[in-house]
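Number 9 in the numbering used here belongs to position 1 of the sequence shown; there are no gaps in the numbering. Note that CB positions come from ideal geometry on N, CA and C, so glycine has one too.
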Amino acid sequence: MPSHSRRGFLILSAAGLLSACTSAGPAVTPLPASPEALTREQIVAAINGVRRAHGQPAWSYNPNLEAAARSQARLMASKDQLSHDLGVTLRQRVSAAGYDGAVGENVAGGHRTLQAAIEGWMNSSGHRSTLLSPKFVEFGLAVERVPAGRKSRYGIYWALIAGGSFDAWRVYG
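Have a look at this one:
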């Protein structure tokens, strides 16, 4: 009987360790049910939790990139369209927000939580590449809902813009 107890203990211990290692969300507190209730700290913890789980360094949060992301999320919600370019390019949006570095963007529609949006991005090779890029060092994120009572394809839109130095993208040789 002692071998069964020991084996059960080892299995439970291993399961606990594995679940902690594979979590893509924040390890400290669960995210709120409403995306609008997310704090900056929760957003940073969720994004950096995914990056850390995949061996990438943490990003810092940039309010200028958040402003550009908010502009895109609002535009998508107002037009009820999921797109990177709805008449205003990514470069135009980040420049208007006062950001001059290299940028990449992830957009999503219909995901009710940040965790679901992140999972969607991780399941898309292009979005995953942006989210896990070692060339970016900071980001901003925004979410916007289509106004209540208005018929919508997605209902909620997410935009994440990652940024960094142009030098990281230069090819020398």
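Within the same chain, show all residues whose beta-carbon is closer than 7 angstroms to that of Leu98, passing over the 5 residues directly before and after it, in chain order.
Hits under 7 angstroms: His92, Val111 and Glu113.
Using 10 angstroms around the beta-carbon of Gly8, count the other beta-carbons present and answer buried if the total reaches 16, otherwise exposed.
No statement about residue 8 is possible, as the shown extent of the chain runs from 9 to 181 and does not include it.
Taking Ser103 as the reference, which of Ala77, Gln123, Met84 and Ala85 has the closest Cα?
Nearest of Ala77, Gln123, Met84 and Ala85 to Ser103, Cα basis: Ala77.
Flag this pair as yes or no: are the beta carbons of Tyr162 and Gly118 separated by less than 7 angstroms?
In this structure, Gly118 lies closer than 7 angstroms to Tyr162 by Cβ.
Have a look at Asp108 and Leu90 and give me their C-alpha separation to the nearest angstrom.
One C-alpha to the other measures close to 25 angstroms.
Do Gly172 and Phe144 have their CB atoms nearer than 7 angstroms?
Contact flag set, yes.
For Thr138 versus Ala170, is the C-beta spacing smaller than 7 angstroms?
Cβ distance < 7 angstroms, so Thr138 and Ala170 count as in contact.
Within its chain, find whatever has a CB closer than 6 angstroms to the CB of Ile164; leave out the 5 residues flanking it on each side and keep chain order.
So the qualifying residues of the chain are Arg153.
State the DSSP-derived secondary structure class of Tyr180, mapped to helix, strand or coil.
Coil.
Give the list of continuous alpha helix (DSSP H) stretches no shorter than 4 residues that lie fully inside the region 77-119.
Runs found: 98-104.
Grouping DSSP H, G and I as helix and E and B as strand, with all else coil, what is Leu139?
Helix.
Given a cut-off of 7 angstroms on the beta-carbon distance, is the pair Val115 and Pro43 in contact?
No; because the gap between Cβ atoms is not below 7 angstroms, this pair is not in contact.
Note down the Cα distance separating Lys159 from Lys87, rounded to an integer number of angstroms.
Answer to the nearest angstrom: the Cα atoms are 11 angstroms apart.
Taking just the CA atoms, how far does Ser132 sit from Arg48?
When rounded, the distance between both Cα atoms is 25 angstroms.
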